[in-house]
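A.B. asks: Attaching a single structure in structure tokens format; questions to follow.
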Amino acid sequence: MKPKILLRIASIIMLLHTLGHTMGALTWKDAPNAAVKQVIDGMLGNRFDFMGWSVSMGDFFAGYGYGMIGVLLLISILLWLLSAEPNRRFILALGLFLLFLSIIEFIYFFPFAAAFSFVAGIATLLGMSGGVRKSNI
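Under mature numbering (1 follows the signal peptide of the UniProt record, and there is no 0), residues -24 to -1, 1 to 113 are what the sequence shown spells out, in order.
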């Protein structure tokens, strides 16, 4: 398979990952049961001072979730752009990052999210073959 196609497949997979993550990040306060509601209430209700701000663990959780939406979207865009103008170093860095991300997602989140990053990482690394320009950086 051509590197351009592999990188675009990886880009689309990560865009799907972004959409799934966005749905989760925007609805994390919707508790499916009483036990989860109790945890969410604890995360939101216990505030503390941090660097001059009154925050909660829920604020941090939400902020990291929103930040990851941006990171995942950026990865999707970079993969698509790299498919048109391949750069071996950038492709290698993104591919290795996606494999790292898949391990983190598998350990701390769930296998479905990890599978998206893993498959995208493999497709990205396979996209390094053929037609790749040498980097000037």
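C-beta atoms are modelled at their ideal positions from N, C-alpha and C, and glycine is treated no differently.
Between which residues of its own chain and residue 45 is the CB-CB distance below 7 angstroms, once the five residues before and five after are set aside?
C.D. replies: By one-based count along the sequence shown, residue 45 stands at place 69. Same-chain partners within the cutoff: -7, -4, -3 and 1.
A.B. asks: Rounded C-beta distance between residue 75 and residue 103? I'm assuming under 8 angstroms.
C.D. replies: Stepping through the sequence shown from its first residue, residue 75 is reached at position 99. Stepping through the sequence shown from its first residue, residue 103 is reached at position 127. Incorrect: roughly 14 angstroms between the Cβ atoms, too far for contact.
A.B. asks: Taking residue 56 as part of the alpha helix (DSSP H), name the residues at either end of that continuous run.
C.D. replies: Residue 56 sits at position 80 when you count from the first residue of the sequence shown. Element bounds for residue 56: 33 to 60.
A.B. asks: Classify residue 67: buried if its beta carbon has 16 or more other beta carbons within 10 angstroms, exposed otherwise.
C.D. replies: On the sequence shown, residue 67 is found 91 positions in, with the first residue counted as 1. Answer is buried; the Cβ neighbour count reaches 16.
A.B. asks: Roughly how far, in whole angstroms, is the beta-carbon of residue 105 from the beta-carbon of residue 56, given that I think they are within contact range, below 8 angstroms?
C.D. replies: To locate residue 105, count along the sequence shown from 1; it is residue 129. To locate residue 56, count along the sequence shown from 1; it is residue 80. Residue 105 to residue 56, Cβ: 18 angstroms. No contact.
A.B. asks: Pick out whichever of 88, 87 and 52 has its Cα sitting closest to the Cα of residue 73.
C.D. replies: Along the sequence shown, read from residue 1 onward, the residue named residue 73 stands at position 97. Ranking 88, 87 and 52 by Cα distance to residue 73 puts 52 first.
A.B. asks: Among residues of its own chain, excluding the 5 on either side of residue 101, which ones have a beta-carbon nearer than 6 angstroms to its beta-carbon?
C.D. replies: Position 125 of the sequence shown, counting from 1, holds the residue named residue 101. 71, listed in sequence order.
A.B. asks: Could you say which of 86, 60, 82 and 69 lies nearest to residue -19 if we only look at CA atoms?
C.D. replies: For the purposes of this step, residue -19 is identified with residue 6 of the sequence shown, where counting begins at 1. Selected option, being the one with the closest Cα: 60.
A.B. asks: Since I believe residue 20 is in contact with residue 39 (beta carbons under 8 angstroms), could you give me their beta-carbon distance rounded to a whole number of angstroms?
C.D. replies: Position 63 of the sequence shown, counted from the start, is the residue given in the question as residue 39. Position 44 of the sequence shown, counted from the start, is the residue given in the question as residue 20. At roughly 13 angstroms, the Cβ-Cβ gap does not stay under 8 angstroms, so residue 39 and residue 20 are not in contact.
A.B. asks: By the DSSP assignment, the beta strand (DSSP E) with residue 25 in it spans what residues?
C.D. replies: Residue numbering aside, residue 25 sits at position 49 when the sequence shown is read from its first letter. Residue 25 -> beta strand (DSSP E) spans 23 to 26.
A.B. asks: How far does the alpha helix (DSSP H) with residue -22 in it extend, from its first residue to its last?
C.D. replies: Taking the first residue of the sequence shown as 1, we reach residue -22 at position 3. Segment -22 to 2, the alpha helix (DSSP H) holding residue -22.
A.B. asks: Going by CA-CA distance only, name the one from 29, 62, 77 and 28 that's closest to residue 47.
C.D. replies: The residue you call residue 47 lines up with position 71 of the sequence shown. Out of 29, 62, 77 and 28, 77 has the C-alpha closest to the C-alpha of residue 47.
A.B. asks: Can you round the beta-carbon distance between residue 16 and residue 10 to whole angstroms, since I take them to be within the 8 angstroms contact cut?
C.D. replies: In the sequence shown, counting from the first residue as 1, residue 16 sits at position 40. In the sequence shown, counting from the first residue as 1, residue 10 sits at position 34. About 11 angstroms; that fails the 8 angstroms criterion.
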